[in-house]
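Down below is the structure, laid out as structure tokens.
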Amino acid sequence: MGKKKCVAMLLAGGKGSRLSSLTKSLAKPAVPFGGKYRIIDFTLSNCTNSGIDTVGVLTQYQPLVLNSYIGIGSAWDLDRKNGGVTVLPPYSESSEVKWYTGTASAIYQNLNYLKQYDPEYVLILSGDHIYKMNYELMLKYHIEKGADATISVIEVPWPEASRFGIMYTDEEMRVAEFEEKPSNPKNNLASMGIYIFNWSVLKEYLEMDDRNPESSHDFGKDIIPLMLDENKKLFAYPFNGYWKDVGTVKSLWEANMDLLDDECELNLFDHDWRIYSVNPNHHPQYISTQAEVVESLINEGCRVEGEVEKSVLFQGVLVGKNTVIRESVIMPDAVIGENVYIEKAIVPSGMTIPDGFVISASEEDDEIILITEEMIQGIYS
Amino acid sequence: MGKKKCVAMLLAGGKGSRLSSLTKSLAKPAVPFGGKYRIIDFTLSNCTNSGIDTVGVLTQYQPLVLNSYIGIGSAWDLDRKNGGVTVLPPYSESSEVKWYTGTASAIYQNLNYLKQYDPEYVLILSGDHIYKMNYELMLKYHIEKGADATISVIEVPWPEASRFGIMYTDEEMRVAEFEEKPSNPKNNLASMGIYIFNWSVLKEYLEMDDRNPESSHDFGKDIIPLMLDENKKLFAYPFNGYWKDVGTVKSLWEANMDLLDDECELNLFDHDWRIYSVNPNHHPQYISTQAEVVESLINEGCRVEGEVEKSVLFQGVLVGKNTVIRESVIMPDAVIGENVYIEKAIVPSGMTIPDGFVISASEEDDEIILITEEMIQGIYS
Amino acid sequence: MAAGQLNGGNVMKKRMLGVIDATTYHEDLEELTVHRSLAAVPFAGRYRLIDFVLSNMVNSDIESVAIFPKYQYRSLMDHLGSGKNWDLNRKRDGLFFFPSPLLDSPSKGIGSFNHFAANLDYFYRSKQEYALISNCFTVFNMDFRPVLDRHIMTGCDITVVRQDGRSLEMYLVKTSLLISLIENRNETGYTCMSDVVTDIHHSYTICNYEYTGLAVMIDSIENYFAASIGLLEPEAWKNIFLRSQPIYTKVKDEPPTRYVKGASAKNSMIANGCMIEGTVENSIISRGVKIGRGSVVKNCIIMQKSQIGENCVLDSVILDKDVKVESDARIEGRSEMPQVILKGTVQGAMMNS
Amino acid sequence: MAAGQLNGGNVMKKRMLGVIDATTYHEDLEELTVHRSLAAVPFAGRYRLIDFVLSNMVNSDIESVAIFPKYQYRSLMDHLGSGKNWDLNRKRDGLFFFPSPLLDSPSKGIGSFNHFAANLDYFYRSKQEYALISNCFTVFNMDFRPVLDRHIMTGCDITVVRQDGRSLEMYLVKTSLLISLIENRNETGYTCMSDVVTDIHHSYTICNYEYTGLAVMIDSIENYFAASIGLLEPEAWKNIFLRSQPIYTKVKDEPPTRYVKGASAKNSMIANGCMIEGTVENSIISRGVKIGRGSVVKNCIIMQKSQIGENCVLDSVILDKDVKVESDARIEGRSEMPQVILKGTVQGAMMNS
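Protein chains in written order, with this note's numbering: chain A, 348 to 728; chain B, 348 to 728; chain C, 2 to 354; chain D, 2 to 354.
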């Protein structure tokens, strides 16, 4: 393998428990988003658009869909002769499996993968976030600052700051202090979980961390604080675009709705920063004579005979006559019958909604409904 | 996924312990063979040449090399839109891994994979054997016999029969009895570990076997005997071509030497039944002015400046001046220095043999030497 | 039962070659075929005409397809690429492309023996026992396997696929017979398959296979337009787009189509990557089209990447690819004879006001 | 530091376009270029001439390469395919193939502006700041990155790669300058890069880059033969085949080469899939060649799939592809002027005895 300037390690083992039944048989990065994509498409597309052609994808929980989705990376132009995408599941030497116990231990167990490319820099990414970012600019910043490690940060609303890892920096953006989920945050600069390390520094700290039996082997909790203790040069890289952790049903729904907003910074139509995805073969969408489509995002393979308003329809969705879908997300191949009313809900992939089904959140309630088989059966039992 | 006539399930998790250091970081099906191939190339090429375009490859032990070698199956023309190769490692639902405990349980845990193709027939294969076989002819035989299951068998030398599963059949080749490694074999028809099942029958028996806490979940030990007990129609399919289980260092060496024999039935030069393999890019082999090459098989990327006799050289092997290599197998990218003498040995991939190194089996000894780092260091320490 | 042998079997072997004659030139389609061969004419929002016959072949277990193009075949080659989108990027068999070395005038019938003769090697090398020869400009979704079954059962020499008695210009023959027809073309005087089928002075048995599904041979702007808009009828739609027998085409990285506030769509077929801000009715919209605020597009076929400004009115118009219609423009054709706007042109508001 | 922005950076951005002029026709190589373009002439057992410059470009981080062929480019297209073997099967950038629409006589210099002009869009669309224009027939293994570094450092308008003062017909320019040279070709009268470089009546600064590695421009049968056999010298070999900068080519499914009892090979370069039963010396043997028992092949270049019978003697001969030499044949050329046997021919024992 030839030497590489920068190799990315993408942590894609997230269980995403708060996404409920959506992640029952899928890792979080494989959850559908935006009418056509899976969450991981954004990070993989960012890599290819940033000129990073070597990406190790660390899978763990329910990896089958993710593995076959990623394949050899052709969809993201990452099927490269030297480098490209490599899926790195936990593996067995002899007959015991080495399970990944933390973000840092996952990288540590794949040091051999990194060693074969002997990169100058390692970019650590998470496959859980929706955003467009040019990692090359962050790398340039990292080099210009002469940093040992650079952490991208974003200003979050003050009330939410206590949910994040918060950075305290000097005027030069050098990190002085880091607090994981502070109860009384003195700042609102949150870590996005995106790190660039000098390879030699990363190797040293991962090996040190591995020898520490007290460590939880996590970048935020262990590696970064240790580096700060030892006075390494850590810099924060301020990011000010669209960035969303779609960790809950509500935030997943919100991020989908964001795409229908003219003011939203997440433009899927930008040809200079395409979001790539596996393209299945579908016929064009068919909007029937009785249909009405307003303020929506609709993918190929759909057949709409009812009314769709402020909604996102993934490929292969059928919407029956006299049906109304409002402020909802309908995932791939769901079949919505006739005379159905769905409002502020998510319909999971492949689900069949029977004729006459009605569901909507109560007026005062701010929740989004994730429709389940039990709900449907409950109604008809 | 479209319905399929016949889907193959290839068991490729073999640890191959008797292959010693060759399988320390490789599953047995990934062991190099024949100057260019890996063992699994033969089974995968048989599939594609037999018109079987849907193959599930079940990996377990040290799967990384195998996974990235197989990729999406392009090398064997198995990168298909509907079907193709799918690598099926043990996976975790929630946070426990389901480990494959026997051949039958490995298939049982992947019933969902089979269900999506709803095949008429399932072909069970092992990735451990070297042979060329048209599975389509076996399937035709299976259909003509109206069998529930068909097991391919080969006549083995009588003294070896007790190492195999032995079949006893009537004149119509219907299996009456099956004995696993009998101490006193009354027959020499050995099972090759290749089965065709009617899908409905296979499903039924795998589910039955899974409920049996006494079962070791093995086709030979559990499923087949149970089917015979219940008077299912099992037929033996006699195969009379070249077939070799390269389970030991000696048999791996022998199978390589077979390729140098004009009489050997395993013809790699047959364009109508190609053995496909991942083709790395190498320059043509260079045979120098001082070199001598006799009765050998030599791959691209080699550079031979010494004498090579009755040997198999894989890609990228360098042979120094005044060196003699006789009746040996030199695996990929091994570097053999000058003034070396190697006889009846296997040199593993990437090993460097220092100048002046001499090794050969003693005259009376029938063993083949697998050269190890310890041997080399032992000599120079 | 010999078991060491490798050849034989047939349980799964594919037995038909596909041969697509892509040399046809229809003068009545000139406006759409200036820059592309007939086979590459866009259809139904994301397809090219050749996708239909090619997908039918693939769905009928045909694994080796030879395409014989002639004029302007660059866009056809770009579209087909390695054949990957049709699962025809194979090491053995797969997709073959044999452009005509002859620059003479188009031959009159489907299956030009002269053109095939220049590539006889392909037929000699092929192991498939039968060959299906087809034109490249029919919109249909047909399983060819029953044709083969019938052909074998009847023992005929040539089976012609017909609809209501009219030839659909698709022929099933043994590959060996096709080879001998090609080899003996000078002696027999037959230049193509229809010569053989219509001649009565030979001893070949000719049989017909009546196809009852939807099939439209595209040979004029009028029937191109009618067939396109006709696809909006649920009956036609269901006949062409079957989940079990998909029509494959080149896939592209386009986002889903977005309808903004104030947009409206009815009885239309719309591909991905479009931005709909106006009103669309009874139309076929291809990938990457933009329809501006206040614009009304009715009874139109809008091809890839065309951009329509604000407050335009388009009725019964075919916009070829990359057309730019400036704001406030008004373009109207007649339903029996739509107006065709040529590829890459700019239509100002003044031109038709 | 703005951080929401997406463009910019340059730490990893690739900055050169590759432009390969594959239109050259050398009359002195006629026997090898009847059925193929010069770029597709087989070399060194498994390569085609174009592999060298194309691999050099890829190894120099060039990710967008445009090839401009002219005559007989079918075999060149088959060889290059989707560009996958050179890692150029990309969604953005990658390999582009622009056959000349003009059937006039060959242009005299490398980088025909007329031919480029027909595909100006490619240059407009490309984001790479520099373009490297090269011929297609040089055997070498060269890193172009130092040329770019020097070009930027010196601030010259055009850098010409030279060896011992002689132009290797490779030019580095800003893409914008190349575009203006193409656009203004009628005003300036320059038809190709060498016109610009050799003219003294302009204000462009022309610099030279002296290349010290091995580089052979193949322009006659004599130097094709000498360069081929010359590769057997360890010095030459090591200059061309570097592990860190491999020469890529189309890979094939061939078994390793087999030497049977009685075979002998010395000082030769032999590709895969050969069956060697006789003696081979000072020769280059391509893939799938068979050399029968008792035959002696010396100082020869044997191309793909040629079959040599038993007890033949071949000395100083070039066998093109698919030649069949019958048993007991004797063919001898002179070392300074080898005999060329044309593709696909059969050589009987009587012909040369």
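Note that the Cβ used here is the ideal one computed from N, Cα and C, for glycine as well.
Handout entry: Contact the segment 270-289 of chain C vs the segment 189-209 of chain C: 3+ CB pairs below 8 Å
Key = no
Exercise for the section: Return no unless some Cβ of chain C is closer than 8 Å to the Cβ of alanine 583 of chain A. Expected result: no
Practice task
Measure the alpha-carbon distance for histidine 618 of chain A versus valine 252 of chain C and round it to whole angstroms.
Solution key: 16 Å
Exercise for the section: Under 7 Å between beta-carbons, which chain B residues line up against isoleucine 419 of chain A? List them in chain order, please. Expected result: Gly418 and Ile419
Practice task
Run down chain C in chain order and give the residues with a C-beta less than 7 Å from the C-beta of valine 640 of chain A.
Solution key: Tyr260 and Ala266
Practice task
On the DSSP bridge assignment, give the partners of isoleucine 677 of chain A in chain order.
Solution key: A/Leu660 and A/Val694
Handout entry: Residue burial classification, alanine 523 of chain A (beta-carbon count within 10 angstroms, cutoff 16)
Key = exposed
Handout entry: Own chain partners of aspartate 605 of chain B with C-beta closer than 8 Å, once the 5 adjacent residues on each side are dropped
Key = Tyr589, Lys591, Cys611 and Leu613
Problem - proline 585 of chain B: first and last residue of the uninterrupted beta strand (DSSP E) it sits in - result: 581-586
Practice task
In angstroms with no decimal places, state the Cα-to-Cα distance between tyrosine 172 of chain C and leucine 243 of chain C.
Solution key: 24 Å
Exercise for the section: Compare the beta carbon distance of alanine 453 of chain B and glutamine 409 of chain B with 8 Å and say whether it is the shorter of the two. Expected result: no
Practice task
Give the secondary structure of serine 354 of chain C by DSSP, where H, G and I count as helix, E and B as strand, and everything else as coil.
Solution key: In this prediction, serine 354 of chain C scores a pLDDT of 39, lower than 50, which makes its location untrustworthy; the coordinate-derived value is nonetheless stated afterwards. Coil, per DSSP.
Practice task
For proline 235 of chain D, count neighbouring Cβ atoms within 10 angstroms of its own Cβ and tell me buried if that reaches 16, exposed if not.
Solution key: exposed
Problem - Three-state secondary structure assigned by DSSP to valine 412 of chain B - result: helix
Problem - Neighbour flag for valine 252 of chain D against chain B, beta carbons, 8 Å - result: yes
Practice task
Taking alanine 40 of chain C as the reference, give the member of C/Ile51, C/Arg47 and C/Ala266 with the closest Cα.
Solution key: C/Ile51
Practice task
Please confirm if the segment 409-418 of chain A is in contact with the segment 457-466 of chain A, defined as three or more CB-CB distances below 8 Å between the two stretches.
Solution key: no
Exercise for the section: Run down chain B in chain order and give the residues with a C-beta less than 8 Å from the C-beta of aspartate 88 of chain C. Expected result: Arg427, Lys428 and Asn429
Handout entry: Range of the contiguous beta strand (DSSP E) that encloses leucine 96 of chain D
Key = 95-98
Practice task
Just mark tryptophan 600 of chain B as buried or exposed, buried being the case when its beta carbon has 16 or more other beta carbons within 10 Å.
Solution key: buried
Problem - Rounded C-alpha distance that separates leucine 18 of chain D from leucine 149 of chain D - result: 11 Å
Problem - Minimum Cβ-Cβ distance from isoleucine 159 of chain D to chain B less than 8 Å - result: no
Handout entry: C-beta contact flag for glutamate 380 of chain A and asparagine 603 of chain A at 8 Å
Key = For clarity, residue 380 of chain A is phenylalanine in the given sequence; the question names glutamate instead. In contact: phenylalanine 380 of chain A and asparagine 603 of chain A (Cβ atoms closer than 8 Å).
Exercise for the section: For threonine 139 of chain D, count neighbouring C-beta atoms within 10 Å of its own C-beta (all shown protein chains included) and say buried if the count is 16 or more, exposed if not. Expected result: buried
Practice task
For chain D, find out if any of its Cβ atoms is closer than 8 Å to the Cβ of glycine 84 of chain C; answer yes or no.
Solution key: no
Practice task
Name the two residues that bound the continuous beta strand (DSSP E) containing lysine 299 of chain D.
Solution key: 297-299
Practice task
Would you mind telling me which residues of chain D sit closer than 7 Å to glycine 382 of chain B, beta carbon to beta carbon, in chain order?
Solution key: Pro257
Exercise for the section: Count the other CB atoms, across all protein chains shown, that sit within 10 Å of the CB of tryptophan 505 of chain A; report buried if there are 16 or more and exposed otherwise. Expected result: exposed
Practice task
Alpha carbon to alpha carbon, how far is asparagine 587 of chain B from histidine 564 of chain B? Give it in angstroms, no decimals.
Solution key: 29 Å
Handout entry: Unbroken stretches of the alpha helix (DSSP H), 4 residues or longer, contained in the segment 124-204 of chain D
Key = 146-155, 176-184, 186-189 and 194-199
Problem - Partners in chain C for serine 575 of chain A, counting only beta-carbon separations shorter than 7 Å - result: It should be pointed out that residue 575 of chain A corresponds to leucine in this sequence rather than to serine. The contacting residues do not exist; leucine 575 of chain A stays about 41 Å from chain C at best.
Handout entry: Proximal residues, the segment 358-381 of chain B versus chain C, C-beta separation under 7 Å
Key = none
Problem - Same chain, Cβ closer than 7 Å to aspartate 29 of chain D, neighbours up to 5 away in sequence not counted - result: Asp220, Ser221 and Ile222
Practice task
Verify the CB distance criterion: does leucine 7 of chain C have a CB-CB separation below 8 Å to chain B?
Solution key: yes
Problem - Sequence ranges, alpha helix (DSSP H) only - wholly within the segment 525-596 of chain B, length at least 4 - result: 546-558 and 571-576
Exercise for the section: Quick one: residues in its chain with C-beta nearer than 7 Å to the C-beta of threonine 206 of chain D, no 5 flanking neighbours on either side, listed in chain order? Expected result: Cys157 and Asp158
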